[in-house]
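Before any comments, here is the structure.
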Amino acid sequence: MDSKVSESPSNWVMTRPRSRYHLYALLLIPCLLLGSLAGHRRYYYAISNPDIDFSASSCAQVDALYPQSSKNTGLWEEFGQMLGTDEFKELAIGKLSGLIQIPSESYDNMPPPGQDSRWETMGLVHDYLVAEFPLINKTFSLAKVNTYGLIYEWTGTNSSLKPYILAAHQDVVPVNPETVSTWTHPPYSGFFDGESIWGRGASDDKASLTAIMLTLETLIKKDWTPERTIVLAFGFDEEASGIYGAKYLGKALEETYGRDAFAFIVDEGGGFKDVYGTIFATPGVAEKGHADIKLEVTSPGGHSSVPPVHTTIGYLASLITEFEKNPYPVELARDTVPYDNLVCMAAHSRDIPHSLKRAIFRSGHSNAALHRVEKDFVLQDKFYSSLVGTTQAVDIVSGGVKSNALPESAFAIINHRINTLSSVNETAARDTQTITSLARSLNLTLKAFGEDVIPESFYTTSHCSSQSSSTSSSKGHIELSLAFNHELEPAPRTPTSGKDSKPWDFLSGTIKATYYSHRAQGIKAETTATKGDDVNFDVEDEKKIIVSPGMSTGNTDTKYYWNLTRHIFRYNHKNAAYGSEIATGVHTVNENIPLDHYLEIIRFFTTLIMNADEAEVF
Ligand SMILES: *[C@@H]1O[C@H](CO)[C@@H](O)[C@H](O)[C@H]1NC(C)=O
Ligand SMILES: *[C@@H]1O[C@H](CO)[C@@H](O)[C@H](O)[C@H]1NC(C)=O
Ligand SMILES: *[C@@H]1O[C@H](CO)[C@@H](O)[C@H](O)[C@H]1NC(C)=O
Ligand SMILES: *[C@@H]1O[C@H](CO)[C@@H](O)[C@H](O)[C@H]1NC(C)=O
Ligand SMILES: *[C@@H]1O[C@H](CO)[C@@H](O)[C@H](O)[C@H]1NC(C)=O
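For the sequence shown, our numbering assigns the number 1 to the initial residue and increments by one for each residue that follows.
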């Protein structure tokens, strides 16, 4: 995942450690009870009314989806058995370890490929893929895009089936040289200690890339052929915003295959995790937008021995303070992914506190209940609040060049992550509004996104009615503008219900089949549990996996793939809680992936590929 955007995989919805949920549970119950005692009559009604109105559309679940055709079932079972053999494990460890040993780091603000030798490690990744996956090299066509972007195609036999994309990225977040000595095993060793494979990229995102390649290589070896065309898209600067990789891959894919040409895309993203006693998988089906806004103050310079009351830096400081005094509101809204996620939790978590569960159910039609959930749950959690609201963070500030010269200009960059119901324009408008009245009281003119909001005439005409208005003028100028030209609207949402949700159902079923078959005992739970909206759980449910719409606070390479399909899933089939007590190591020291987790990812892709070949519905 993009380093600047999501610092850890725990950023995915519903991926917080269970212990913290329990803490909330403890905090929440007294809150709600106190609320009702204090005379919130409507709410009191909600929690005292045992008839929970839980509509059928609330997080309906599909059954596990296993490959069914005669072509696939036998091979799928054989593949599953093979995952348990020492021979296959050794092969799989070797492929991932070798890829980790190539330090394919990407950095922010790099010049394009060809103009910076640091990109050359990506060439080593290509050589490695060719050498280690010879059957893919023979069977797939390969196009290189902007030197290091890779598009592989395995052409299916039935061209009337829409192809699909499996995406991953070749690059990794740089290892901070100062931390190398603190790694248990060196970051580019790819060391296998009998349990885990260690090194930068082990988890993000080389396990996925290797699992995709190894699954396909094995299928070719077994003489399997696809009916539906399979496309692989591997970017090489995902950790640096994808501006040379995915951006070009997205264009090339659209040119080659056309708009909306793909059945679905699976890229990295949310995994699965225990939430209040039930395992939830949370494929990302939306992404926030972002915008970096430049706030610049200019005023006449001069010698600092005769200074004005405020320099541009002083003005800038006041303006920044004004921003921080006015954070964006966090408003939980229905028809958003975080909300649907809460509904899934209420519908399916075994141990969710009853009061919270009821409040969430009520919130479907009661605004009072919705606000209660917002106040007592969302606002209590920094991660959830960030997901729901637009965020702002002043990340860069600059001004002044010399200690005896007045700074003629000073600026700050405000980074925003835009909530899925908002837009870049709405964010720009809100920022303008935040500082307009302060700008007036400071006697500064303001131009925001090309528009003169407070022109010079505001000061030179009659507004300043006191004494000699003819001599007054502004003290300086503020300009708000979009910085860096890389603003992004919130992503279109992948359908997860209704008539367009077939790909979602297919993915959900595939996740369940993978999860249960990897833990053979789980199959029983799935087959004996009631389908659909069962609110009451029995013991078997302990082993269930529920699939819920998910979302991260950050972005993936898929931000350049919107035109290719409406069905984008950001999902890694792995335990997102792994190592949360001892730091998983994604983007930090000691990144590693347990062998068993990696094998389960291979099982996921095998199941996905076979299921996709059978699904005639999309
Ligand atoms: C990969 O394929 C190319 C042709 O597409 C061929 O020239 C090359 O020898 C192959 N490499 C390996 C290792 O099979
Ligand atoms: C945003 O605002 C600009 C300037 O007002 C306008 O040209 C543009 O169409 C707007 N974009 C959207 C997506 O509304
Ligand atoms: C702004 O200008 C008015 C009129 O010239 C003046 O009275 C006021 O003190 C000024 N305010 C600041 C903060 O400079
Ligand atoms: C998607 O298509 C629109 C309309 O053709 C185009 O303006 C836009 O640049 C495309 N997006 C990407 C990411 O290529
Ligand atoms: C190709 O797929 C379509 C859609 O599922 C199906 O109707 C058709 O029979 C298939 N053609 C072949 C040759 O299998």
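Heads up, the beta-carbon is just placed ideally off N, CA and C, and yes, glycines get one too. Nothing here was measured: the structure is a model prediction, and the numbers come from that model.
Where residue i falls, given that 16 or more other Cβ within 10 Å makes a residue buried
| i | result |
| --- | --- |
| Thr510 | buried |
| Val266 | buried |
| Ile396 | exposed |
| Lys512 | buried |
| Leu599 | buried |
| Gln61 | buried |
| Val306 | exposed |
| Thr182 | exposed |
| Asn367 | exposed |
| Ser97 | buried |
| Ala520 | exposed |
| His567 | buried |
| His365 | exposed |
| Thr157 | exposed |
| Ser517 | buried |
| Ala240 | buried |
| Gly554 | buried |
| Leu608 | buried |
| Asn621 | Within the shown structure, residues of the chain are numbered from 1 to 618, placing residue 621 beyond reach of any answer. |
| Lys95 | buried |
| Val378 | buried |
| Pro187 | buried |
Assumed close pair residue i, residue j - CB separation to whole angstroms, cut-off 8 Å
| i | j | result |
| --- | --- | --- |
| Ser409 | Thr298 | 4 Å |
| Thr549 | Val275 | One detail in the question is off: residue 549 reads as Pro in this sequence, not Thr. With 8 Å as the limit, Pro549 and Val275 do not qualify as a contact, their Cβ atoms being about 14 Å apart. |
| Val285 | Phe484 | Going by Cβ atoms, the distance from Val285 to Phe484 rounds to 27 Å, so no, they are not a contact pair. |
| Ile601 | Ser203 | With 8 Å as the limit, Ile601 and Ser203 do not qualify as a contact, their Cβ atoms being about 10 Å apart. |
| Ile313 | Pro407 | 6 Å |
| Arg228 | Leu135 | Contact doesn't hold; Cβ gap of about 19 Å is too wide. |
Close-in-space but distant-in-sequence residues of the same chain around residue i (CB under 6 Å, 5 per side omitted)
| i | result |
| --- | --- |
| Leu150 | Phe234 |
| Leu446 | Ala439, Val453, Ile454, Ile478 |
| Asn72 | Met610 |
| Leu65 | Gly509, Thr510, Ala513, Asn611 |
| Met213 | Phe133 |
| Ala577 | Lys273 |
| Met82 | Phe88 |
| Asp340 | Pro549 |
Sub-8 Å separation of residue i and residue j beta-carbons
| i | j | result |
| --- | --- | --- |
| Tyr560 | Ala167 | no |
| Asn326 | Thr434 | yes |
| Trp154 | Pro226 | yes |
| Tyr164 | Phe262 | yes |
| Gln170 | Val125 | yes |
| Ser552 | Val343 | no |
| Ala487 | Val424 | The sequence shown places Glu at residue 487, not Ala. Yes; because the gap between Cβ atoms is below 8 Å, this pair is in contact. |
| Val617 | Lys544 | no |
| Ile320 | Ala412 | yes |
| Ile100 | Lys206 | yes |
| Arg362 | Thr278 | no |
| Asp237 | Ser106 | yes |
| Gly201 | Val172 | yes |
| Ile414 | Gln392 | yes |
| Thr436 | Leu480 | no |
| Val330 | Ser385 | yes |
| Lys222 | Leu91 | no |
| Leu232 | Tyr152 | yes |
| Val589 | Thr179 | yes |
| Ser474 | Glu456 | yes |
| Gly270 | Tyr571 | yes |
| Phe449 | Val394 | no |
| Thr606 | Thr215 | yes |
Residues near residue i by beta carbon distance below 7 Å, same chain, minus five either side
| i | result |
| --- | --- |
| Ile418 | Lys288, Gly289, His290, Ala291, Thr390, Val424, Thr427, Pro490 |
| Tyr315 | Val297, Leu442, Leu444, Gly476 |
| Pro174 | Glu105, Tyr107 |
| Trp302 | Checking the sequence shown, residue 302 turns out to be Gly, not Trp. The answer, listed in chain order, is Leu406. |
| Ile93 | Phe192, Ile197, Leu595 |
| Gly399 | Thr312, Ile313, Leu316, Pro407, Ser409, Ala410, Phe411 |
Cutoff 8 Å; reference residue i; Cβ partners in own chain excluding five residues on either side
| i | result |
| --- | --- |
| Phe604 | Ala211, Thr510, Ile511, Thr514, His573 |
| Glu614 | Pro67, Gln68, Ser69, Asn72 |
| Leu421 | Ala333, Thr336, Pro490 |
| Arg493 | Val285, Ala286, Val337, Thr420 |
CB contact below 8 Å: residue i versus chain D
| i | result |
| --- | --- |
| Gly199 | Any reference to chain D falls outside this structure, which holds one protein chain only. |
Taking 8 Å as the threshold, find out whether the segment 190-197 comes into contact with the segment 104-122 through three or more Cβ pairs.
no
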